[in-house]
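Protein chains: 2
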Amino acid sequence: MRVLGVDPGLTRCGLGVVDSLPGRRAALVAVGVARSSTEDDIDRRLLAIAEQIDEWIDLQAPDVVAVERVFAQHNVSTVMGTAQVAGIAMLAAARRRIPVALHTPSEVKAAVTGSGRAEKAQVQTMVAKILGLAEVPRPADAADALALAICHLWRPAGALAAPQRSLQAMTSAQRTWAAAEHAARRPTRG
Amino acid sequence: MRVLGVDPGLTRCGLGVVDSLPGRRAALVAVGVARSSTEDDIDRRLLAIAEQIDEWIDLQAPDVVAVERVFAQHNVSTVMGTAQVAGIAMLAAARRRIPVALHTPSEVKAAVTGSGRAEKAQVQTMVAKILGLAEVPRPADAADALALAICHLWRPAGALAAPQRSLQAMTSAQRTWAAAEHAARRPTRG
């Protein structure tokens, strides 16, 4: 399975393509950043990002597009542009009938580090290790997009369809993932 | 000049097309609502709305697409979807090289009622009067989209390019508009 991870942003939108390999391994296919100029009007910026996302999807032909779930509580000064780019990435996939998956930042952290509260640097280090890269991909948005793609590949089977499934039915790795995700979510739920 | 007003929303996205007539009058061309089902996934909902917006633009061939400016402070439960639909409307215009204008809710209220703090019902009544309609367009999202289009047609000449222009250089109607807009903006600025 090939996953395109999208870390949405109006100035820099991270894009990372990862293939699943046998034995729960993953291989880097492509990584980069779609950019728009802060000097352009918002509609031109959205168009620039959309055209780059379209190119990536058409060139890489992912089976799934995994997008970071954006919350209204995020950085208020940039959240509107971030939400709009996330929407445009979802639309680009939907136009091609490619399934879309949304993952929260804590799900992504839990998937690649085992802790939903991991620091950004730890996530990026793990992305490089998992993909067998000599260096951490730069900029951070690019590494975050790869982390999203890995998160989607490594999600527990049926995690999205059956979030209440029994812990006993999970593998050890899935239990670790679920526990980390649960721990990370607790503070935001109250 | 023909303006397509877009009142963005994921469940109901208001769409209203207005032509300018000589003597600061305006004529209704078309009004309606793009809808998506709350039972569908977000990517399918965005696709449904995008396809309806595309049809409206291609059929009505507006000179400008006027979109309500969405703020992060809006209703938190719906603001992400609203922002994403606004982004998709801007992208649809940008793909066709049609200029996009953003107007705040208080600008729209000031343009059609003279007061940036007018109630929703007052705005809708004025939309019907301005366009010579026997009844207020329903649903409210449709009327709001027409108000956006009228706001764009009636904005003071050069309002966007030169916000600091002299009050003396304005017509009486423009002064009323500018004063109402200024009054409406004051509380949110401090």
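Protein chains in written order, with full-length UniProt numbering: chain A, 1 to 190; chain B, 1 to 190.
Just so it is clear, CB atoms sit at the ideal spot from N, CA and C, and this is done for glycine as well.
Where residue i falls: helix, strand or coil (DSSP)
{"i": "A:Ser166", "result": "Unreliable positioning characterises A:Ser166 in this predicted model, as indicated by a pLDDT of 39, which lies under 50. The coordinate reading is nonetheless provided below. Correct three-state label for A:Ser166: coil."}
{"i": "B:Val27", "result": "Val is not the amino acid found at residue 27 of chain B; the sequence shown has Ala there. Note: B:Ala27 maps to strand in three-state DSSP."}
{"i": "B:Ala34", "result": "strand"}
{"i": "B:Ala134", "result": "coil"}
{"i": "B:Asp141", "result": "helix"}
{"i": "A:Ser115", "result": "coil"}
{"i": "A:Ala15", "result": "According to the sequence displayed, residue 15 of chain A carries Leu and not Ala. The answer is strand: DSSP assigns A:Leu15 an E or B state."}
{"i": "B:Arg45", "result": "helix"}
{"i": "B:Gly9", "result": "coil"}
{"i": "A:Arg2", "result": "strand"}
{"i": "B:Val67", "result": "strand"}
{"i": "B:His72", "result": "The sequence shown places Ala at residue 72 of chain B, not His. Correct three-state label for B:Ala72: coil."}
{"i": "A:Ala61", "result": "coil"}
{"i": "B:Arg96", "result": "coil"}
Own chain partners of residue i with C-beta closer than 7 Å, once the 5 adjacent residues on each side are dropped
{"i": "A:Thr113", "result": "Gln122, Val123 and Met126"}
{"i": "A:Pro30", "result": "A small correction: the amino acid at residue 30 of chain A is Ala; Pro does not occupy that position in the sequence shown. Val17 and Gln60, listed in sequence order."}
{"i": "A:Ser20", "result": "Met1, Ala26 and Leu153"}
{"i": "A:Ile130", "result": "Ala26, Val112 and Ile150"}
{"i": "B:Asp144", "result": "Asp7 and Gly14"}
{"i": "A:Ala50", "result": "Ile88 and Ala92"}
{"i": "B:Trp56", "result": "Leu4 and Leu15"}
{"i": "B:Val67", "result": "Val6, Pro8, Ala86, Ala89, Met90, Val100 and Leu102"}
{"i": "B:Gly32", "result": "Leu15 and Ala142"}
{"i": "A:Arg69", "result": "Leu102, His103 and Thr104"}
Amino acids of chain A, ordered along the chain, whose beta-carbon sits closer than 8 Å to that of residue i
{"i": "B:Val100", "result": "Asp41, Ile42 and Asp43"}
7 Å Cβ cut-off: residues of chain A touching residue i
{"i": "B:Leu47", "result": "Leu91, Ala94 and Arg95"}
{"i": "B:Val108", "result": "Under the 7 Å cutoff, chain A gives no residues; its nearest Cβ is about 18 Å from B:Val108."}
{"i": "B:Ala61", "result": "Correct list: empty, because the minimum Cβ distance to chain A is about 17 Å."}
Own chain, CB closer than 8 Å to residue i, minus 5 neighbours either side, in chain order
{"i": "A:Ala48", "result": "Ala34, Arg35, Ser36, Ser37 and Asp40"}
{"i": "A:Ala134", "result": "Ala128"}
{"i": "B:Gly9", "result": "Thr78, Gly81, Thr82, Val85 and Asp141"}
{"i": "A:Ile53", "result": "Val6, Cys13, Leu15, Ala34, Ile88, Ala89 and Ala92"}
is_contact[residue i, chain A] using C-beta, thresh 8 Å
{"i": "B:Gly32", "result": "no"}
{"i": "B:Val6", "result": "no"}
{"i": "B:Met126", "result": "no"}
{"i": "B:Ala72", "result": "yes"}
{"i": "B:Val76", "result": "yes"}
Contact list for residue i against chain B, beta-carbon separation under 9 Å
{"i": "A:Ala66", "result": "Near A:Ala66 there are no residues of chain B at all, since even the closest Cβ is about 12 Å away, more than 9 Å."}
8 Å Cβ cutoff, residue i in contact with chain B
{"i": "A:Val3", "result": "no"}
{"i": "A:Ile88", "result": "yes"}
{"i": "A:Gln84", "result": "yes"}
{"i": "A:Val123", "result": "no"}
{"i": "residue 221 of chain A", "result": "Residue 221 of chain A cannot be examined here, being either before or after the span of chain A that is shown, 1 to 190."}
{"i": "A:Gly14", "result": "no"}
Chain B contact residues for residue i, given Cβ-Cβ distances below 7 Å
{"i": "A:Ala50", "result": "Leu91"}
Close beta carbons around residue i, own chain, < 6 Å, minus the five adjacent residues each side
{"i": "A:Lys109", "result": "Gly116, Ala118 and Val123"}
{"i": "residue 191 of chain A", "result": "The displayed coordinates of chain A run from 1 to 190. Any statement about residue 191 of chain A would go beyond what the structure contains."}
{"i": "B:Arg45", "result": "Leu10 and Ser36"}
| Segment contact, 8 Å Cβ cut-off, at least three pairs: the segment 62-77 of chain B with the segment 134-151 of chain B | yes
| Counting pairs of Cβ atoms below 8 Å between the segment 92-100 of chain B and the segment 96-103 of chain A, do you hit three or more? | no
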